[in-house]
Amino acid sequence: MNAVGSAEKAEAPAAEHLVEREAELDTLTDLIHELEHGRGGGSALVVGPPGSGRTALLGRAAAVAARRQVQVYTARGSATEAELPYGVLSQLLAGAPDLVDVPWLPAVLENDADVPMLHELLRRRVLESARRCPVLLVVDDLLLADEESATWLAGLQRRRGQAPVLILAAHAGMPDADDDPGSLCPAGLRGENRRLLRLRPLSPAAVARMVHAIPGPRVPAGELHAMTQGNPALLTEVLARSAARPGSGAGIGVITTDVRRQRVLGLLARLPADLAALVRMIAAVGTLDEASLRSLAGPIGMPIGRALRVLSDLGLIGAGPAEPMDPDVVTWVLAVTGPHERARIRRDAADLGHRRAAPEEEVAELLVGSEPVGQAWALETLDAAARRRREAGDHAGAARFYRRALAEPATDGTLARLRLDLEMVEASSCPFTADLRLARAIPVAVDGDSVRTRLSVVDLMLLRGTREQALRELAGLSVAPLGEDERADLIALHWLAEGTGRGASTLGVPAVADVDPASMSPAQAAAAAWLTMMAGRDSRAARRLARRAGETWHTRTPLYAPWLALAATFGHTDDVLEALSVYDALVAAGTVAGARVPVLLALTGRAWIDLQRGRVRAAQEALADASAAVPPDGRPPTAAGALSMIAIAAALTRGDLDAAQRAAGAVTGGGSGGGATTPFVLFMRGMLELDLKRHRRALGMFQECGRRMQALGWANPAVVPWRSHVAIAAQALGDEHTAAAMISEEWRLAQAWGTRTAIGRTHLGAGVAVRSEDAVFRLTQAVNALQQSPSRVLYVEALLLLAAAQLNRGQTTGVARQLREAERLATAYRLDWATTRIADLRSRLSDRPRPRSTYRTASRRWRSLAPGATDLVRRVLAGAANAQLASELGISKRAVELRLTTIYRQLEVTGRTELRELYAALDKEL
């Protein structure tokens, strides 16, 4: 029997009282009591994380058994002897009296040894000894036991029969694992008599008792419990250090971290070289995937799965893939490894992973923290991984790979493309930084590989508003050898950059008018359609060009500016559904590519269309997505202006003047990064001033907007109807001459453009700006035009203005119908501002005496009815109820109500009362 006295003495000082382990010790004592009397046996497994008191509990149990005259044999697994055959078994049986005469260890190690026979001999001797005196086998750190010893213990468990043999083992295991025999018994210690004892962290109350048991200044028990997570060994060490240095000023957190760090580094120093290298590898590469580590790790003296279990039992790595290693442990391991060694490990691991065909994404992650490899595969791997991250929407991850790829040697064209890709996916701290990165993406030498990169750079310059710089780059690129597609894209970008379509003969760029539309590329057709639209020349020609571009557009469009121009053209030709489809496709493609500015501009374009259609909630969602696409400090003027315009417009559409003022204040306060100067924002600020009745300030805004529009050559009133709003502000200030001139000019341009929205909006502005006797005619024309326009908000506005104008002139005919239509749309689109105005107009209408119907009016309306409707009206005038009519006609009551509603609208009455008043003059004829 092994002497346990020395072990018991060693444990005694630290284990006078095992805090909150009384229940587990009582259970083991009961098992030993049964064993002492020749009953029981089997196995017991103590599971707990490192430092939870497993070893102390086993020592106390062994001491209890020794005092009760039970044969106690102890052994402990270790990382250094995990692959030593029979290491644990030799410890267990070293002092067994029944095996002194059996030289079993040399025998089993011989090449021609009959191992099963020797195993059986050892088991039989142990069982015979147990029948004379019960046997307790204590194995600490079972997971670190060698395979041969574990096999022998499993065989003993199966063959023991009724012999009083108890195997008491312990290992770390998973603290929150289910009670699964397979996972908790790696050595095969299964059976009906197996007991599982799980050691939990100490409770806050137990920690408080330990703190109060130490004399001197007391540390905060709650903080100590939180920092140590109730680990007994860590608690004991922290309390000892705190008591030894009461005046050092070091907090509990500092002491706890220092203790943990020393424990980790001490374990790392005692590990075999191969396992220590594996720990450093895991800290550097951040994975516990066995397949990956098998490819990446160097030679190890044991299977990779077993090595990971050993390291997990020691507490150096995590228990699952979610957290391969505690972040603090990673920091400590990498700190002692050194930066150059870390970079070398990651480089070697990446190289080995590449040669062994490890997953490309994992190899790229290794390359991020490694030294430059200098081989083509490294650049290709990083580039491919970055593209996949972009497609998945992980722009930050893509930026990491692109930055690392730029450290690898490459051609000027490749480096330029990588810089361009990095600029698109990486959020900028300010517009200047983004413009500088974009300029650096332009390759010095122009070759076939770099042409497409330079075109993409120019494309982004246009979207950022740097038109002059874009024209300079196009001039330099025009002398390069270009393919047919590249030349076509260069021409399209030049048309968009100079904004007039005149071209540049010295650069080989023809004028738009000189190019046959049938021969235009998709990008050229989109640019030509946009130029036609902005000039307001011919909506049908612009629509034909836009549809040609949309029908023949490449499945993978390399440029964004023509795409946005195409969507804008569709929007201003009243083809809003086609515009939305283009915007959606651009958002999808730009999101995959990580192109933040194009996505932002597309989302604001969609939001503008949603506002015009009355879909305020959808517009606000698109505005929120657009705001999140680019950080505020990194927005170029174009993006900032678009966001500001939509924010003000959305607030005005909701009727929220306070929100509109806040949005306008953010623009003028400099938060827009220069967006306050765009004509679109100036127009929306003028609209706000108009709603606030500050007409002189509104007039100044509209006039400045017009000057900027004319300087750009943008004459189309469908884009920004600034002239009619100058007229409205001027009329309010008493300048009728300016108002009439502006209305006349805008009407001429709107007729030339010819869309329903442009014509209706011009009539709407004229109805507000002209004298009251002409307002009803103008507003009636506005209602007629906007009724067939996609702009539902303008249509509601026209209906309300027409109703108000008619009431102002004492005309009530049709007002009720107009208010019903406005109410229907306001309810559908949740236009609260319109609901309030409708209620006011209804109140005005009800206060006016109804005009008495004449015989002529009643006769005309009677003749307008269909024969079936006249019969129904006769029955209503005769006093028939809806239920009676339904019975007579053989239809439902609801069907009768719908028919009568249609008749009432046709006759412009609200119900039976007005119907009787209308036909009172025809009563005898009916």
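Just so you know, we're using the UniProt record's numbering here: the sequence shown kicks off at 1 and counts up by one. Glycine residues also receive a C-beta, built at the ideal position from the N, C-alpha and C atoms.
Helix, strand or coil for residue i per DSSP?
i, result
"T755", "coil"
"A44", "strand"
"A878", "coil"
"residue 932", "With the chain covering only 1 through 926, there is no way to say anything about residue 932."
"A392", "coil"
"A504", "strand"
"R198", "strand"
"H33", "helix"
"N716", "coil"
"S478", "coil"
"T870", "helix"
"R280", "helix"
"A82", "coil"
"S242", "helix"
"S203", "coil"
"R21", "coil"
"K893", "helix"
"N808", "helix"
Out of the options, point me to the one whose CA is closest to residue i's CA.
i, options, result
"P598", "T573, R615, D610, A642", "A642"
"G706", "L692, L688, F683, R696", "F683"
"P562", "G499, A518, G536", "G499"
"A492", "A480, T381, L474, A398", "L474"
"A273", "R260, V126, A297", "A297"
"D348", "R419, R280, L915, L415", "R280"
"V793", "A343, A480, G614", "G614"
"P85", "A65, V115, Q71, A96", "V115"
"A595", "A488, S478, L872, S456", "S456"
"A130", "L121, R160, T857", "R160"
"G59", "S90, L89, E36, L18", "L18"
"Y919", "R874, A666, G890", "R874"
"L907", "T857, A740, L89, G95", "T857"
"L733", "A718, E423, A698, V592", "A698"
"T902", "A883, R820, Y73", "R820"
"G305", "D289, L314, A624", "D289"
"A651", "A639, M687, A629", "M687"
"A407", "L420, E426, E391, S370", "S370"
"T381", "H395, V515, E362", "E362"
Measure the CB-CB distance between residue i and residue j and report whether it falls below 9 Å.
i, j, result
"G38", "P164", "yes"
"L166", "G40", "yes"
"Q731", "A769", "yes"
"G77", "L168", "no"
"A386", "F401", "yes"
"A526", "A565", "yes"
"L490", "S478", "yes"
"V336", "L278", "no"
"R68", "I32", "yes"
"L559", "D459", "yes"
"A619", "A607", "yes"
"V70", "C133", "yes"
"A729", "L779", "no"
"A350", "L334", "no"
"A170", "L57", "yes"
"A798", "W753", "no"
"P232", "S52", "yes"
"P679", "R635", "no"
"residue 1002", "L418", "Summary: the structure shown does not reach residue 1002, with the chain confined to residues 1 through 926, and so no result is reported for it."
Please name the residue or residues paired with residue i in a DSSP beta bridge.
i, result
"I167", "S43, L137"
"T74", "V138"
"residue 961", "Missing from the structure shown is residue 961; the chain here goes from 1 to 926 and no further."
Can you find a C-beta in chain D that's less than 9 Å from the C-beta of residue i?
i, result
"T27", "No chain D appears in this structure, which consists of one protein chain only."
Item to check | 4-residue-minimum alpha helix (DSSP H) runs that sit fully inside the segment 615-663, ordered along the chain | outcome: Runs of the alpha helix (DSSP H) inside the segment 615-663: 616-629, 637-654.
Next on the checklist: What ranges does the alpha helix (DSSP H) occupy inside the segment 722-789, keeping only unbroken runs of at least 4 residues that lie completely in it?
Outcome noted: 722-732, 736-753, 756-769, 772-786
Item to check | Continuous alpha helix (DSSP H) assignments of at least 4 residues falling wholly in the segment 291-372 | outcome: 304-313, 327-337, 339-355, 360-368
Item to check | Any alpha helix (DSSP H) of 4 or more consecutive residues that is wholly inside the segment 482-537 | outcome: Within the segment 482-537, the complete alpha helix (DSSP H) segments at least 4 residues long are 484-498, 522-535, listed from N- to C-terminus.
Next on the checklist: Runs of 4 residues minimum, wholly inside the segment 543-600: which ones carry the alpha helix (DSSP H) assignment?
Outcome noted: 561-572, 576-593
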